[in-house]
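Asks:
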Amino acid sequence: MALFDKNRSGSSEPVRVDERLTHIAFILDGNGRWAKKRGLPREFGHTEGAKTFKRIVRYCGDIGIKVVTVYAFSTENWSRPKKEVDRIISLLDEYITGAEDELEENKIRYTFLGDKSVFSAEMAERMRRLEDVSSKYELRLNIALNYGSRAEIVHAAAELASSGEQITEQSLSEHMYTAGCPDPDLIVRTANERRLSNFLLWQAAYSELYFTPTLWPDMQPADVDLAVRDFYARERRYGGVTGK
Ligand code: IPE
Ligand code: IPE
Ligand code: MG
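In my numbering, the protein residues as written are 10 to 253.
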């Protein structure tokens, strides 16, 4: 039973999720368009997007989500102009430093999905330290940073091949960057694009997909509510048959 009244018109009960919606993932998109609409350089969209990131993660925790994954920077995003890439990476680095300072307050367990070795030694160390010091907390935040799903699958397969371990669906899952996390129940992509762009291709086998025209910097808790309500109106069959 959904933990809110989706039939009520006008003001409805606050959204609260249950065990059917454990993991929500966001493909945050539209930062550049948000800035362009205002006649600003794209970097301004990323600055605003970073604020949205904090707001949305906090809200997901408030409504009872256990795992949040955010696609922050892909392996393909390195092809963008250097000025833009530098801005995004420095915003993420600032976020990481701030997250360690606010650990007691936010109580988030951070994991980075992606190869850290491409970052400066100092930044990679800050990422590792944040993972370590936050490991006692329950609300899990996966930040996909220098992440590409095909690279992740190849990396997992190569690890299995070199260890000689048997290749099974379970062993491959255990060698993904998301090891130990349930698969995403719901993947939300903003800014009107309807593709996965190399995000969680393995883990998304049975995820529900939700697309919204809202640009990421404009994303509000109410937009998350819409996605959650939409999720609860669906029937997940996993290839089987169920009576509705
Ligand atoms: C998402 O916004 C942020 C990253 C991919 C890093 P974009 O920068 O892709 O914004 P648009 O798609 O150009 O509007
Ligand atoms: C996907 O967004 C990557 C992230 C959200 C980090 P892009 O804006 O890079 O995706 P495409 O190029 O539109 O597919
Ligand atoms: Mg984009």
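Backbone N, C-alpha and C define an ideal beta-carbon position, used for all residues, glycine too.
For chain B, check one thing: does any of its Cβ atoms lie closer than 7 Å to the Cβ of isoleucine 105?
Replies: Absent here is chain B; the protein component of the structure consists of one chain.
Asks: For the candidate residues Val250, Arg29, Gly54, whose alpha-carbon lies nearest to that of asparagine 40?
Replies: Position 31 of the sequence shown, counted from the start, is the residue given in the question as residue 40. Per the Cα distances, Gly54.
Asks: State the DSSP-derived secondary structure class of serine 143, mapped to helix, strand or coil.
Replies: Taking the sequence shown and counting its residues from 1, one reaches residue 143 at position 134. Here serine 143 sits in coil by DSSP.
Asks: Is leucine 148 near ligand 2, going by C-beta to nearest heavy atom under 6 Å?
Replies: Taking the sequence shown and counting its residues from 1, one reaches residue 148 at position 139. The answer is no for leucine 148.
Asks: What number of angstroms, rounded off, separates the C-alpha of aspartate 227 from the C-alpha of glutamate 174?
Replies: By 1-based counting over the sequence shown, the position of residue 227 is 218. By 1-based counting over the sequence shown, the position of residue 174 is 165. Near 46 Å, if we compare the C-alpha coordinates of glutamate 174 and aspartate 227.
Asks: When the Cα atoms are used, what is the spatial distance from asparagine 207 to threonine 84?
Replies: The residue labelled residue 207 in the question sits at position 198 within the sequence shown. The residue labelled residue 84 in the question sits at position 75 within the sequence shown. Asparagine 207 and threonine 84: Cα-Cα distance of roughly 9 Å.
Asks: For proline 191, is the classification buried or exposed, using 16 other Cβ atoms within 10 angstroms of its Cβ as the cut-off for buried?
Replies: Here residue 191 refers to the residue found at position 182 when the sequence shown is read from its first residue. Of the residues assessed, proline 191 falls on the exposed side of the cut-off, its CB having fewer than 16 other CB atoms within 10 angstroms.
Asks: Less than 8 Å between C-beta atoms, sequence neighbours within five positions excluded: which residues of the same chain meet that for alanine 133?
Replies: On the sequence shown, position 124 is the one that residue 133 refers to. If we look at alanine 133 and ignore the five residues flanking it on each side, its Cβ neighbours are Lys125, Ser126.
Asks: How close, in whole Å, do the beta carbons of leucine 122 and isoleucine 152 come, if the pair is a contact with beta carbons under 8 Å?
Replies: As a first step, residue 122 must be located in the sequence shown, where it is residue number 113. As a first step, residue 152 must be located in the sequence shown, where it is residue number 143. Contact holds; Cβ gap of about 7 Å.
Asks: Only counting the same chain, and skipping five residues up and downstream in sequence, which positions put a Cβ closer than 6 Å to that of phenylalanine 220?
Replies: Here the question's residue 220 lines up with position 211 in the sequence shown. Excluding positions up to five away in sequence, the list reads Arg198, Arg203.
Asks: Give me the residue from Thr223, Ile196, Thr251, Val142 with the minimum Cα distance to tyrosine 215.
Replies: Locating residue 215 in the sequence shown gives position 206, counting from the first residue. Nearest C-alpha to tyrosine 215: Ile196.
Asks: Within a Cβ cutoff of 8 Å, which residues of the same chain sit near arginine 42, ignoring the five residues on either side of it in sequence?
Replies: Position 33 of the sequence shown, counted from the start, is the residue given in the question as residue 42. Around arginine 42: Gly54, Ala200, Leu224.
Asks: Rank Arg245, Val237, Glu244, Tyr80 by C-alpha distance to the C-alpha of cysteine 69 and give the top, closest one.
Replies: Within the sequence shown, the letter at position 60 stands for residue 69. Sorting Arg245, Val237, Glu244, Tyr80 by C-alpha distance to the C-alpha of cysteine 69 places Val237 at the top.
Asks: Run the proximity test for arginine 42: is its beta-carbon closer than 6 Å to any non-hydrogen atom belonging to ligand 1?
Replies: Residue mapping note: residue 42 aligns to position 33 of the sequence shown, counting from 1. Flag set: Cβ of arginine 42 near ligand 1.
Asks: Report yes if the C-beta of asparagine 155 is less than 6 Å from at least one heavy atom of ligand 1; otherwise report no.
Replies: Residue 155 sits at position 146 when you count from the first residue of the sequence shown. Exclusion of asparagine 155 from the 6 Å shell around ligand 1 follows from its C-beta lying no nearer than that to any non-hydrogen atom of the ligand.
Asks: Counting along the chain, where does the beta strand (DSSP E) carrying leucine 218 start and finish?
Replies: Taking the sequence shown and counting its residues from 1, the one referred to as residue 218 is at position 209. Leucine 218 -> beta strand (DSSP E) spans 217-220.
Asks: So leucine 195 is in the beta strand (DSSP E); what residue range does that whole segment cover?
Replies: Locating residue 195 in the sequence shown gives position 186, counting from the first residue. 195-198 is the span of the beta strand (DSSP E), which, as asked, contains leucine 195.
Asks: Counting along the chain, where does the beta strand (DSSP E) carrying phenylalanine 35 start and finish?
Replies: Position 26 of the sequence shown, counting from 1, holds the residue named residue 35. Run containing phenylalanine 35: 32-36, per the beta strand (DSSP E) assignment.
Asks: What's the C-alpha gap between glutamine 212 and proline 230?
Replies: Working through the sequence shown from its first residue, we reach residue 212 at position 203. Working through the sequence shown from its first residue, we reach residue 230 at position 221. If I take the Cα positions, the gap works out to 25 Å.
Asks: Return the residue from the list Arg51, Arg245, Leu235 that minimises the CA-CA distance to lysine 91.
Replies: Residue mapping note: residue 91 aligns to position 82 of the sequence shown, counting from 1. Checking every option, the nearest Cα to that of lysine 91 belongs to Arg51.
Asks: Find out if the Cβ-Cβ distance for the pair valine 26, isoleucine 65 is shorter than 7 Å.
Replies: What you label residue 26 is simply residue 17 of the sequence shown in a count that begins at 1. What you label residue 65 is simply residue 56 of the sequence shown in a count that begins at 1. In this structure, isoleucine 65 does not lie closer than 7 Å to valine 26 by Cβ.
Asks: Assign valine 233 to one of two classes, buried (16 or more other C-beta atoms within 10 Å of its C-beta) or exposed (fewer than that).
Replies: Counting from 1 along the sequence shown, the entry for residue 233 is found at position 224. Buried: at least 16 other Cβ atoms inside 10 Å.
Asks: If you run the structure through DSSP and keep just helix, strand and coil, what is asparagine 151?
Replies: Along the sequence shown, one-based indexing puts residue 151 at 142. Here DSSP, grouped into helix, strand and coil, assigns asparagine 151 to strand.
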